[in-house]
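Using our numbering, the first residue of the sequence shown is number 636, and each one after it goes up by one.
Yeah, the Cβ is synthetic: ideal placement off N, Cα and C, and Gly gets one too.
A short worksheet on the structure shown next.
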Amino acid sequence: MKKIIFLIICFLFCSSIFKAQILEDEYKILRDLVIVNNANDFFDFYNKELSKDIQTENWKTYSKQLSNKINNLYLLDENNKNLRVNNTSKITFKEIDIYNKKNINLLKKGINAWKVIQILEGNRIIIKIIDFIINYENKNYQFTNVGGSTTIYEYSCEEKKWKMKGK
């Protein structure tokens, strides 16, 4: 009898771990999809802007800054750690440990980073991408918010899949 109860408990424990792994994988897939879609939209916007035939000094400065941003974009999670995307996008994200002393000189110049935050509320997952400029000045990190996006997915119990509800 004890063996049967033990086996049942082991089975329930293993199945709950398996289910949690599936949910975690679904969250990663949704997160990566949102990041790739935003990166591709940003890259398309960049190409559209560069195709404009404007020759003013302000425009040249703007296009240079935009080019620098798209070629030097970092991806961070909610704890300011590197975040890797499994899917490929039109933008190649760079990696950085902002708290590593080797990177202080780079941070003094300022870097562009997307910070990705996932929030699970009931049957909804909210994925926020916050566009930051990160600087290091006077022994302090400064995060300047320069935009971002929010994407909401809702789980449909009838269809047993995630549906995008808003962007």
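Which stretch, first to last residue, makes up the beta strand (DSSP E) that contains residue i?
{"i": "Thr-785", "result": "775 to 791"}
{"i": "Asn-770", "result": "759 to 772"}
{"i": "Lys-800", "result": "796 to 801"}
Buried or exposed, going by whether 16 or more other CB atoms sit within 10 Å of the CB of residue i?
{"i": "Val-781", "result": "exposed"}
{"i": "Thr-786", "result": "buried"}
{"i": "Arg-666", "result": "buried"}
{"i": "Trp-803", "result": "This structure gives no information on residue 803, because the portion of the chain shown stretches from 636 to 802."}
{"i": "Phe-677", "result": "buried"}
{"i": "Leu-710", "result": "buried"}
{"i": "Ile-726", "result": "buried"}
{"i": "Lys-736", "result": "exposed"}
{"i": "Lys-743", "result": "exposed"}
{"i": "Lys-750", "result": "buried"}
Spatial neighbours of residue i within its chain, please: CB distance less than 6 Å, with the 5 preceding and 5 following residues excluded, ordered by chain position.
{"i": "Ile-752", "result": "Glu-713, Lys-763"}
{"i": "Gly-745", "result": "Ile-768, Asn-770"}
{"i": "Lys-654", "result": "Confidence at Lys-654 is low in this model, with a pLDDT of 45, below 50, so its placement is unreliable and no value can be given for it."}
{"i": "Ser-724", "result": "Val-671, Ala-674, Asn-675"}
{"i": "Lys-716", "result": "none"}
The alpha helix (DSSP H) spanning residue i covers which residue range?
{"i": "Ile-705", "result": "692 to 706"}
{"i": "Lys-743", "result": "739 to 744"}
Closer than 7 Å by C-beta to residue i: which residues in its own chain qualify, once you throw out the five before and the five after it? Chain order, please.
{"i": "Glu-684", "result": "Ser-698, Leu-701"}
{"i": "Thr-779", "result": "Phe-767, Ile-768"}
{"i": "Lys-774", "result": "none"}
Within its chain, find whatever has a CB closer than 8 Å to the CB of residue i; leave out the 5 residues flanking it on each side and keep chain order.
{"i": "Arg-759", "result": "Ile-787, Tyr-788, Glu-789, Tyr-790, Lys-800"}
{"i": "Trp-797", "result": "Glu-661, Leu-665, Ile-760, Tyr-788, Glu-789, Tyr-790, Ser-791"}
{"i": "Lys-663", "result": "Asn-721"}
Would you please state the rounded distance, in angstroms, between the beta carbons of residue i and residue j? I believe it to be under 8 Å.
{"i": "Asn-747", "j": "Leu-708", "result": "5 Å"}
{"i": "Lys-802", "j": "Ser-784", "result": "7 Å"}
{"i": "Asn-738", "j": "Leu-668", "result": "Asn-738 to Leu-668, Cβ: 29 Å. No contact."}
So is the beta-carbon of residue i under 6 Å away from any non-hydrogen atom of the ligand GTP?
{"i": "Asp-732", "result": "Ligands are entirely absent from the displayed structure, and the ligand GTP is therefore not among its contents."}
Are the region 693 to 708 and the region 657 to 673 touching by the rule of at least three beta carbon pairs closer than 8 Å? no
Would you check if there are 3 or more beta carbon pairs closer than 8 Å linking the region 726 to 739 to the region 788 to 801? no
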